[in-house]
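**Q** The structure's right below; bear with me while I get my questions together.
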Amino acid sequence: MTITKGIAAITLIAASTTAANAETLRLLTWGGYAPDAVVEKFTAETGIEVEVTKSNNEEMVAKLRATGGGGFDLAQPSQDRIAGAQEEFEIYKPIDLSKIDTSLFITSMLEATKSNTMLGEDVYGVPHVWGTSGLVVNTAMAGDVKDYTDLCNEAYAGKVSYRLKRPTLIGFAFSMGLDPFAAYRDPEEYKKIIDAVEEKLISCKGNVKAYWSGGDELMGLLRSGEVVASMAWDTGGWKLNSEDENITFVAPTSGALGWIDTFALPRKTKAEDAAYKWINFVMQPEIAAMITAEAGNFTASLGADAYADDALKARFQASFPPEAIDNINWYPTVPAGLEEMEGAALDRVKASN
Amino acid sequence: MGAHGKLGFILLASPLVLWLSLLIIIPHIDLFILSLQEKIGVRQYQTSFANYMTFFSEPLYLRTFLRTAFMSIVATVLTLLIAFPISYYIAKIARGRLQSILFLMCLVPFWVSELVRTFGWMILLRETGIFSNFLQWSGIVSGPVEFLYNDAAMMVGLIYTSMLFMVVPLVTTLESLDDSMIEAGYDLGGNGYNVLREIIIPHAMPGIVSGSIVVFMLSLGNYLTPIMLGGKDSLWFTEMIYSQFIVRFNWELGAAFGFLLLGLSSLIVWGALKLSGQTLEKTMG
């Protein structure tokens, strides 16, 4: 009897604390997507507190999986990590598009994200920030690195770096003239592509100084000149470019890889209204421009370009002439199960000598 | 035992029982059940030993485990060789204030986090780092030297991280050795080697064993040092567990790896105890 009473008391206490914090939005996002200034403005306008947790795609899915979609009220995974993860782990909740002010979005990007994050009849994501990954090159020391496979050029032995993650597999596949995205729905064909890339990466291993795992590590390697060319995100290249004009982001000839980070509702979200308020708030052009200034990437907000920093725009245009923009390979949604195949290949690359 | 005694016992034991059951036993049972789930389709699982079979059928996983275990054993032996003279000096030769200062100096690096200590090593060892620059400045080498990203750098990191856990038990056991025993050894005609082998090491054995077990387990379970200092060939078993859970969303295989790590490392410790003729009971006390 006492035990049941105790449990009842604990549940009551727990319930009352959540009730007291009802006006809190627990946001699971990337570094730079919720700058303090934006959060303060939002709190001043709506009275809702925002609790920001910084993460990355894999951790977001893992965290939501661990709790069955609880613990957070709004998450920001990339658009290719929604439908597959939903099918497999059921961690998201469909988005009610009537609660979102769609006039704030760039229409083409909103439609593309909607169709990519659709499972059955439901839409699970709307776009927020987009960008690309490609090459960051020290043009004074490695000017002829134009594509991913150039990283295996003997002239740069011991002076290149990349991550051992799926973007590297995809990038090398495109650079080798293969089309992994076309093979997404055909596991056997995809396996052949991954095997070919694995072989290439193993033969290329001697060129690699270290496989980087964090942004700061990569920055240190490039800044010191220990690494002259690497696979990286566009913003990393532009940030280094502001410090050293020789280093910049280069869109590879086989196409930069384009990603869109979205807004998605975790299945057990407790502050759905606050989440919609946050989405409509940050998609306003002036607010979106504040996020662009902090994160370095542009958003899907219509008209935010007008407020963006001129230096950033100049860097973007230098890295992306119009034909390079058309050449971007946008990630389609990852079908369930492919990651295991890629993971085994990456493990073998890391363990090889 | 009266009702009061019983209540006292329950109150005293409850933190331990709660700790063990809530944080160790229940999660482990949960993980074990997870490790027996074989994925056969989207949201479809069946009970089988498939995940354990994967470990033994894919040579990569077994090789990585063996490499991790071997490197951890080497790290343990090197830590013991370095820590023994230091501990002996602190326990037997240094006196009074010097003794406390030396002991404190072993402790001080542990006041900062492991991450910061590892970054410290990176600053020292990298190609544009302090060692490389010093060697170039002094004219010993002509170009930059890379010390980082190899097994030696990783070994340095592992030994540095676990040194304290070897020094503390060694100092404690050596301090309990009566000086007159050592003197008697010399009086009876022994030389330095005899005294070390016949008197000091047998007495210090419980400290050596408990220190070695702790250092071995810490090295085996280390995640940060191999990743940051080890470079491109240094796949560590814990890194594989992490990537199965977080990067590959394959919790079932990750859980199986976790249990294999637990089982195989316990087996190694048990084997080492048998080989050295020690038992856990003797070591504890």
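Residue numbers (the working numbering), protein chains in the order written: chain A, 19 to 371; chain B, 10 to 294. By construction, the Cβ of each residue, glycine as well, lies at the ideal position given by its N, Cα and C atoms. All values derive from a computational prediction rather than experimental measurement.
1) According to DSSP, which residues form a beta bridge with residue 316 of chain A?
2) Just to confirm, is the Cβ distance from residue 289 of chain B to residue 231 of chain B under 8 Å?
3) According to the neighbour-count rule (16 or more other Cβ atoms, all chains shown, within 10 Å of its Cβ), is residue 85 of chain A buried or exposed?
4) With a threshold of 16 other CB atoms inside 10 Å of the CB of residue 309 of chain A, please say whether the residue is buried or exposed.
5) Exposed or buried, what is residue 203 of chain A when buried is set at 16 or more other beta-carbons lying within 10 Å of its beta-carbon?
6) How is residue 164 of chain A classed by DSSP in three states: helix, strand or coil?
7) Taking the alpha carbon of residue 313 of chain B as the reference point, which residue from B:179, B:238 and B:149 has its own alpha carbon closest?
8) Could you pull the start and end residues of the alpha helix (DSSP H) that residue 179 of chain A belongs to?
9) In chain order, what residues of the same chain have a beta carbon less than 8 Å from the beta carbon of residue 359 of chain A, not counting five sequence neighbours either side?
10) Locate the beta strand (DSSP E) running through residue 170 of chain B, then write down its first and last residues.
11) Quick one: is residue 229 of chain A near chain B, going by C-beta distance under 8 Å?
12) If contact means a Cβ-Cβ distance below 9 Å, which residues of the stretch 58-86 of chain B contact chain A?
13) Using Cβ-Cβ distances below 7 Å, what residues of the stretch 304-327 of chain A are close to chain B?
14) Restricting to Cα atoms, I'd like to know which of A:82, A:92 and A:126 is closest to residue 107 of chain A.
15) Against chain A, does residue 256 of chain B count as a neighbour if the rule is that its beta carbon must be under 8 Å from one of theirs?
16) Does residue 356 of chain A get closer than 8 Å to chain B when you measure Cβ to Cβ?
17) Could you check which residue in A:234, A:74, A:78 and A:269 has the C-alpha nearest to that of residue 380 of chain A?
18) Touching or not, the stretch 109-128 of chain A and the stretch 137-151 of chain A, by the rule of three or more beta carbon pairs under 8 Å?
19) Count Cβ pairs between the stretch 247-259 of chain A and the stretch 129-143 of chain A that sit closer than 8 Å; are there 3 or more?
20) Could you check whether the Cβ of residue 206 of chain A sits closer than 8 Å to any Cβ belonging to chain B?
21) Using a C-beta to C-beta distance shorter than 7 Å, which residues of chain B count as neighbours of residue 272 of chain A?
22) May I have the straight-line CA-CA distance separating residue 128 of chain B from residue 60 of chain B, to the nearest angstrom?
23) Per DSSP, which one or two residues make a beta bridge with residue 137 of chain A?
24) Within the 8 Å Cβ cut-off, does residue 231 of chain B reach chain A?
25) For the alpha helix (DSSP H) that contains residue 223 of chain A, what are its first and last residues?
26) Quick one: list the residues of chain A neighbouring residue 158 of chain B, beta-carbon separation under 9 Å, in chain order.
27) Where does residue 19 of chain A land, buried or exposed, given buried means 16+ other C-beta within 10 angstroms?
28) Let me know the secondary structure DSSP gives residue 250 of chain A once reduced to three states.
29) Suppose the cutoff is 8 Å on Cβ atoms and the five residues either side in sequence are ignored; what does the same chain contact list for residue 227 of chain B look like?
30) For residue 93 of chain A, which of helix, strand or coil comes out of DSSP?
31) What residue range is occupied by the uninterrupted beta strand (DSSP E) comprising residue 137 of chain B?
32) At least one CB of chain B closer than 8 Å to the CB of residue 21 of chain A: is that the case?
33) Where in the stretch 23-75 of chain B do unbroken runs of the alpha helix (DSSP H), each at least 4 residues long, occur, reported from the N-terminal end onward?
34) With DSSP run on the structure shown, which of helix, strand or coil describes residue 265 of chain A?
35) Using only CA atoms, which one of A:346, A:315 and A:320 lies nearest to residue 331 of chain A?
36) Can you check which of these residues, A:326, A:265, A:286 and A:366, is closest to residue 305 of chain A by C-alpha distance?
**A** In this structure, then:
1) Position 298 of the first sequence holds residue 316 of chain A. A:148, per the DSSP bridge assignment.
2) Counting from 1 along the second sequence, the entry for residue 289 of chain B is found at position 280. Counting from 1 along the second sequence, the entry for residue 231 of chain B is found at position 222. Cβ atoms of residue 289 of chain B and residue 231 of chain B: not closer than 8 Å.
3) To locate residue 85 of chain A, count along the first sequence from 1; it is residue 67. With fewer than 16 other Cβ atoms within 10 Å, it is exposed.
4) The residue labelled residue 309 of chain A in the question sits at position 291 within the first sequence. Result: buried.
5) Walking along the first sequence from the start, residue 203 of chain A turns up at place 185. Counting Cβ neighbours within 10 Å, residue 203 of chain A comes out exposed, since fewer than 16 surround it.
6) As a first step, residue 164 of chain A must be located in the first sequence, where it is residue number 146. Three-state result, residue 164 of chain A: coil.
7) Residue 313 of chain B is absent from the model: chain B starts at 10 and stops at 294.
8) Position 161 of the first sequence, counted from the start, is the residue given in the question as residue 179 of chain A. It is not in any alpha helix (DSSP H) - residue 179 of chain A instead sits in the beta strand (DSSP E) that spans 178-180.
9) In the first sequence, counting from the first residue as 1, residue 359 of chain A sits at position 341. Contacts found: 205, 208, 209 and 212.
10) The residue given as residue 170 of chain B occupies position 161 in the second sequence. Careful: residue 170 of chain B lies outside any beta strand (DSSP E), inside the alpha helix (DSSP H) at 160-184.
11) The residue given as residue 229 of chain A occupies position 211 in the first sequence. So yes, residue 229 of chain A belongs to the interface.
12) 67, 69, 70, 72, 73 and 76
13) none
14) Translated into the one-based positions of the first sequence, residue 107 of chain A becomes position 89. It is A:82 whose Cα lies nearest to the Cα of residue 107 of chain A.
15) Indexing the second sequence from 1 puts residue 256 of chain B at position 247. Judged by the 8 Å Cβ criterion, residue 256 of chain B is in contact with chain A.
16) Sequence index remark: in the first sequence, residue 356 of chain A carries index 338 (1-based). Chain B, which has no Cβ nearer than 8 Å to the Cβ of residue 356 of chain A, makes this no.
17) Given that chain A is displayed from residue 19 to residue 371, the structure contains no residue 380 of chain A and the question cannot be resolved.
18) yes
19) no
20) In the first sequence, residue 206 of chain A corresponds to position 188, counting from 1. No, its Cβ sits nowhere closer than 8 Å to a Cβ of chain B.
21) Working through the first sequence from its first residue, we reach residue 272 of chain A at position 254. The premise fails here: residue 272 of chain A is roughly 24 Å from chain B at the closest Cβ pair, so nothing lies under 7 Å.
22) Here residue 128 of chain B corresponds to residue number 119 of the second sequence, with the count starting at 1. Here residue 60 of chain B corresponds to residue number 51 of the second sequence, with the count starting at 1. Those two C-alpha atoms are separated by around 36 Å.
23) The residue given as residue 137 of chain A occupies position 119 in the first sequence. Partner(s): A:140.
24) On the second sequence, residue 231 of chain B is found 222 positions in, with the first residue counted as 1. False, the Cβ-Cβ gap to chain A never drops below 8 Å.
25) Stepping through the first sequence from its first residue, residue 223 of chain A is reached at position 205. Element bounds for residue 223 of chain A: n/a, residue is neither H nor E.
26) Translated into positions along the second sequence, residue 158 of chain B becomes position 149. The contacting residues are 227 and 228.
27) Taking the first sequence and counting its residues from 1, the one referred to as residue 19 of chain A is at position 1. Since pLDDT at residue 19 of chain A reaches only 38, below the 50 mark, its modelled position is unreliable, and the value read off the structure follows with that caveat. So residue 19 of chain A ends up on the exposed side.
28) As a working note, residue 250 of chain A is residue 232 in the first sequence. Looking at residue 250 of chain A - three-state DSSP - the assignment turns out to be strand.
29) Taking the second sequence and counting its residues from 1, one reaches residue 227 of chain B at position 218. Around residue 227 of chain B: 170, 171 and 174.
30) Within the first sequence, residue 93 of chain A is the residue found at index 75, counting from 1. It is a strand residue.
31) By one-based count along the second sequence, residue 137 of chain B stands at place 128. That residue, residue 137 of chain B, is in no beta strand (DSSP E); it is neither H nor E in DSSP.
32) For the purposes of this step, residue 21 of chain A is taken as the residue at position 3 of the first sequence. Confidence in residue 21 of chain A is poor, its pLDDT being 48 and thus under 50, which makes the residue's placement too unreliable to answer from.
33) 35-44 and 59-66
34) Within the first sequence, numbered from 1, the residue matching residue 265 of chain A stands at position 247. In the structure shown, residue 265 of chain A sits in a strand (DSSP, three-state: E or B).
35) Position 313 of the first sequence, counted from the first residue, corresponds to residue 331 of chain A. Comparing Cα-Cα distances from residue 331 of chain A to each of A:346, A:315 and A:320, the minimum goes to A:315.
36) Taking the first residue of the first sequence as position 1, residue 305 of chain A is located at position 287. When only C-alpha atoms are compared, the closest one is A:326.
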